[in-house]
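Heads up: the structure comes next, in structure tokens.
There are 2 protein chains.
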Amino acid sequence: MRPLIIISNDDGYEAKGINCLIDMVRPLGDVIVCAPDGGRSGMGCAFSPTIPLTLTLQREEAEGLKVEGEGLKEETGSLQMWSCNGTPVDCVKMALAELCGDRRPALVLGGINHGDNSGVNTHYSGTMGVVMEGCMKYIPSVAFSLCDFRADADFEPMTPYVRRITEHVLRNGLPRGVCLNVNFPLLAGAGGKEHGASDYSGVRVCRMAFGTWYNEVSKFQHPRGFDYWWMVGNYRNDEPDAEDTDNWALQHGYVAITPTRMDVTAYEVMEELNSQISNLNSQI
Amino acid sequence: MRPLIIISNDDGYEAKGINCLIDMVRPLGDVIVCAPDGGRSGMGCAFSPTIPLTLTLQREEAEGLKVEGEGLKEETGSLQMWSCNGTPVDCVKMALAELCGDRRPALVLGGINHGDNSGVNTHYSGTMGVVMEGCMKYIPSVAFSLCDFRADADFEPMTPYVRRITEHVLRNGLPRGVCLNVNFPLLAGAGGKEHGASDYSGVRVCRMAFGTWYNEVSKFQHPRGFDYWWMVGNYRNDEPDAEDTDNWALQHGYVAITPTRMDVTAYEVMEELNSQISNLNSQI
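This is the structure we're talking about:
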């Protein structure tokens with residue numbers, strides 16, 4: 004039996020990125036998509052405890068043959084695509100609880116996101132919400148993002164990377180509590196000329212860069228006289244010279260793989276905090 | 004000049020928890036509250052890129068004298084309380100961008116949350132969203148939560164702990180990229196009898212427990228015939244015997260302080276992943 008792959012995203016089930024991802028990995032397994040019914044950018048790990056959630060079947064295809072871009076015929080797994088009115092995390096929870104039947108998914112994939120999810124964006128990203136949720140259910144999980152916000156971004160050059168990384172994780176799994184955050188750089192001139200996989204500088208295993216959003220709110224006045232604000236902002240890499248970060252790799256044309264922990268404990272400060280706490284205990 | 008303290012939460016500005024927190028820390032600084040205009044539980048680090056945000060001034064008080072519970076007169080800082088139609092993270096971003104003027108906050112506090120934010124709940128918690136946002140702005144940040152979901156939960160016994168921890172962080176700061184997630188246990192018989200600070204077993208510095216939500220969705224049928232689901236669920240501690248976890252501490256009556264990282268890189272797997280990636284690079 005083929006492995007079962009769950010896919011979700013935060014751009015909604017109709018986005019080009021998720022549909023490209025489906026095509027890339029369908030030869031590797033049966034695919035169940037449960038994705039938001041529209042854009043849910045910036046939702047992070049949010050879930051919806053207060054609204055009734057609904058599912059709508061959008062597409063269903065049996066396993067079968069499919070002609071690949073390289074002219075090879077490959078067998079593909081089956082596909083079910085559902086839309087949901089909730090967040091990316093809701094989608095994964097719904098897929099696991101209601102759409103997999105007795106099958107245990109081998110993999111949860113997020114993306115392909117239209118836009119960067121590196122650095123501190125990790126925390127805001129609904130695409131990362133998808134894979135953190137998979138990770139919290141102890142399922143190997145991988146997020147794919149492309150540093151190109153355009154609706155018609157060109158995902159094609161990513162194909163062999165997405166395939167190899169997905170195959171690798173299907174074969175080897177991931178350590179418990181660790182998921183992968185994979186970001187692809189914007190290739191120079193993207194949108195204007197054709198690119199291929201060889202235009203990437205290669206793959207780098209990275210750490211998350213420290214960066215800061217600034218100028219985050221933009222103030223306007225409503226015709227009725229009150230103020231309102233749009234969340235916008237610019238991002239600054241706070242350690243631009245650190246060559247081991249995801250931000251650096253992306254700026255230099257590399258595919259950045261950041262292994263990401265579900266356990267957010269700051270172990271390195273526990274000992275010092277412990278010595279301070281004993282003091283605190285005695286004060287109360 | 005007094006230090007400036009920003010406070011937000013995910014239960015909304017009218018919740019008892021945030022108003023108790025304000026009273027506890029007002030003697031320590033000037034306080035600006037920017038909190039959601041209603042409940043935003045489960046929002047994690049979500050922010051709102053697609054809706055216009057608004058602010059409403061709910062309360063404003065000058066600095067002044069105030070009679071404390073123990074009968075001591077203490078000077079309190081000034082207070083501004085704003086409500087916002089966004090998420091907990093939006094509230095912090097708005098406070099930093101629009102409400103602090105030229106002052107740099109010394110502290111961001113989240114809570115006091117009505118309910119537990121230990122274990123994997125860290126990722127879903129809007130209270131933790133507040134302090135992660137503070138942490139991402141390099142401001143020392145502390146989340147306080149009480150394992151009691153009731154609207155009229157008794158926060159009083161927490162007072163000396165909240166005061167000492169807040170004073171400690173104001174005095175010593177926190178390492179860059181580290182915030183504190185402080186959870187208080189439900190005291191036996193809470194709601195039925197009076198408790199004091201001495202009813203807690205003490206304070207423990209903990210790591211985040213691995214745990215799992217299950218039975219997360221509950222299916223219903225709408226009168227018009229379609230299915231819908233409520234997000235609910237039960238939590239299981241997956242390492243109940245591990246005495247170094249926040250879940251264990253709370254179950255044994257301790258106040259659990261979990262130092263929490265903004266850098267979620269899984270450093271411990273980077274070397275192995277690196278050796279696998281070189282293989283991957285050669286396949287493409």
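Chains A and B, in that order, give the protein sequences.
Going by my numbering, the first sequence opens with residue 4, and the numbers climb by one from there.
Going by my numbering, the second sequence opens with residue 4, and the numbers climb by one from there.
For every residue, glycine included, the Cβ atom is placed at its ideal position computed from N, Cα and C.
Only a predicted model underlies this, so the values are computations on that prediction, with no experimental measurement involved.
Whole-angstrom distance between residue j and residue i, CA atom to CA atom
| i | j | result |
| --- | --- | --- |
| Gly-214 (chain A) | Asp-105 (chain B) | 22 Å |
| Arg-107 (chain A) | Leu-24 (chain B) | 44 Å |
| Gly-205 (chain B) | Glu-17 (chain A) | 52 Å |
| Thr-79 (chain A) | Pro-243 (chain A) | 42 Å |
| Val-220 (chain A) | Ile-168 (chain B) | 31 Å |
| Ala-109 (chain B) | Pro-262 (chain B) | 18 Å |
| Thr-53 (chain A) | Trp-233 (chain B) | 8 Å |
| Val-172 (chain A) | Leu-283 (chain A) | 46 Å |
| Glu-246 (chain B) | Ala-252 (chain B) | 7 Å |
| Asp-155 (chain A) | Tyr-203 (chain B) | 57 Å |
| Met-273 (chain A) | Val-267 (chain B) | 16 Å |
| Ser-278 (chain A) | Val-208 (chain B) | 10 Å |
| Gly-20 (chain A) | Leu-149 (chain B) | 41 Å |
| Ile-260 (chain B) | Asp-249 (chain B) | 7 Å |
| Arg-5 (chain B) | Ile-10 (chain A) | 50 Å |
| Phe-158 (chain A) | Ala-191 (chain A) | 14 Å |
| Cys-94 (chain A) | Val-111 (chain A) | 11 Å |
| Gln-83 (chain B) | Ser-201 (chain A) | 56 Å |
| Gln-254 (chain B) | Gly-137 (chain B) | 29 Å |
| Gln-286 (chain B) | Val-235 (chain A) | 40 Å |
| Glu-170 (chain B) | Leu-31 (chain B) | 7 Å |
| Trp-216 (chain A) | Val-133 (chain B) | 15 Å |
Unbroken beta strand (DSSP E) run spanning residue i, endpoints
| i | result |
| --- | --- |
| Ile-9 (chain B) | 7-11 |
| Ser-144 (chain A) | 144-149 |
| Gly-214 (chain B) | 214-217 |
| Asp-230 (chain B) | 230-234 |
| Asn-184 (chain B) | 181-187 |
| Met-84 (chain B) | 82-87 |
| Ile-221 (chain B) | Looking at the sequence itself, residue 221 (chain B) is Ser, so the reference to Ile does not match. Ser-221 (chain B) -> beta strand (DSSP E) spans 220-224. |
Residue environment, residue i, which counts as buried when at least 16 other CB atoms sit within 10 Å
| i | result |
| --- | --- |
| Tyr-257 (chain B) | buried |
| Val-28 (chain A) | buried |
| Ala-98 (chain A) | buried |
| Phe-223 (chain B) | exposed |
| Arg-62 (chain A) | exposed |
| His-225 (chain B) | exposed |
| Tyr-127 (chain B) | buried |
| Ala-38 (chain B) | buried |
| Met-139 (chain A) | buried |
| Asp-151 (chain A) | buried |
| Asp-337 (chain A) | The displayed coordinates of chain A run from 4 to 287. Any statement about residue 337 (chain A) would go beyond what the structure contains. |
| Phe-187 (chain B) | buried |
| Thr-125 (chain A) | buried |
| Gly-47 (chain A) | buried |
| Ser-121 (chain A) | buried |
| Asn-237 (chain B) | exposed |
| Leu-60 (chain B) | exposed |
| Asn-240 (chain A) | buried |
Distance between beta carbons of residue j and residue i, contact taken as under 8 Å
| i | j | result |
| --- | --- | --- |
| Met-161 (chain A) | Ala-146 (chain A) | That belief does not hold up - the Cβ atoms of Met-161 (chain A) and Ala-146 (chain A) are roughly 13 Å apart, past 8 Å. |
| Asp-33 (chain A) | Ile-8 (chain A) | 7 Å |
| Asn-116 (chain B) | Asp-14 (chain B) | 7 Å |
| Asn-12 (chain A) | Pro-91 (chain A) | 7 Å |
| Glu-64 (chain B) | Ser-81 (chain B) | 7 Å |
| Gly-129 (chain A) | Gly-45 (chain A) | 7 Å |
| Val-181 (chain A) | Ala-49 (chain B) | Val-181 (chain A) to Ala-49 (chain B), Cβ: 23 Å. No contact. |
| Leu-56 (chain B) | Tyr-231 (chain A) | 6 Å |
Continuous alpha helix (DSSP H) stretch holding residue i: start and end
| i | result |
| --- | --- |
| Glu-170 (chain A) | 162-175 |
| Tyr-291 (chain A) | With chain A running from 4 to 287 in the structure shown, residue 291 (chain A) is simply not present. |
| Ser-204 (chain B) | Careful: Ser-204 (chain B) lies outside any alpha helix (DSSP H) and carries neither H nor E. |
| Met-273 (chain B) | 273-286 |
| Leu-24 (chain A) | 19-28 |
| Leu-253 (chain A) | 249-254 |
| Val-95 (chain A) | 91-97 |
* Going along the chain, which residues of the segment 90-101 of chain B sit with their C-beta nearer than 9 Å to a C-beta in chain A? -> Thr-90, Val-92, Asp-93, Lys-96, Met-97, Leu-99, Ala-100 and Glu-101
* Where the segment 41-60 of chain B meets chain A: residues whose CB sits under 8 Å from a CB there -> Within the segment 41-60 of chain B, the residues whose Cβ lies closer than 8 Å to some Cβ of chain A are Gly-42, Ser-44, Gly-45, Met-46, Gly-47, Cys-48, Ala-49, Phe-50, Ser-51, Pro-52, Thr-53, Pro-55, Leu-56, Thr-57 and Leu-58, listed in chain order.
* Asked: the segment 262-282 of chain A: which residues have C-beta closer than 9 Å to a C-beta of chain B, in chain order?
  -> Pro-262, Thr-263, Arg-264, Met-265, Asp-266, Val-267, Thr-268, Ala-269, Tyr-270, Glu-271, Val-272, Met-273, Glu-274, Glu-275, Leu-276, Asn-277, Gln-279, Ile-280, Ser-281 and Asn-282
* Asked: In chain order, what residues of the segment 107-125 of chain B put their CB closer than 8 Å to some CB of chain A?
  -> Within the segment 107-125 of chain B, the qualifying residues are Val-123 and Thr-125.
* Residues of the segment 201-212 of chain A with Cβ closer than 7 Å to any Cβ of chain B, in chain order -> Under the 7 Å Cβ criterion, the segment 201-212 of chain A contributes Gly-205, Val-206, Val-208, Arg-210 and Met-211.
* To do: Below 9 Å between beta carbons is the criterion; list the residues of the segment 218-235 of chain A that meet it against any residue of chain B, in chain order.
  => Cβ contacts with chain B come from Asn-218, Glu-219, Val-220, Lys-222, Phe-223, His-225, Phe-229, Asp-230, Tyr-231, Trp-232, Trp-233, Met-234 and Val-235.
* Anything in the segment 170-193 of chain B with a Cβ closer than 7 Å to a Cβ of chain A? List those residues in chain order, please. => Of all residues in the segment 170-193 of chain B, His-171, Pro-178, Gly-180 and Val-181 have a Cβ within less than 7 Å of some Cβ in chain A.
* **chain B contacts made by the segment 146-168 of chain A, where a contact means CB separation under 8 Å** => Pro-163, Tyr-164, Arg-167 and Ile-168
* When you check each C-beta in the segment 236-261 of chain B against every C-beta of chain A, which residues fall closer than 8 Å? -> Ile-260 and Thr-261
* Contact residues within the segment 10-30 of chain A, judged by C-beta distance below 9 Å to chain B -> none
* Asked: Taking Cβ-Cβ distances below 9 Å as the criterion, which residues of the segment 133-145 of chain A are in contact with chain B?
  -> Met-135, Glu-136, Met-139, Lys-140 and Tyr-141
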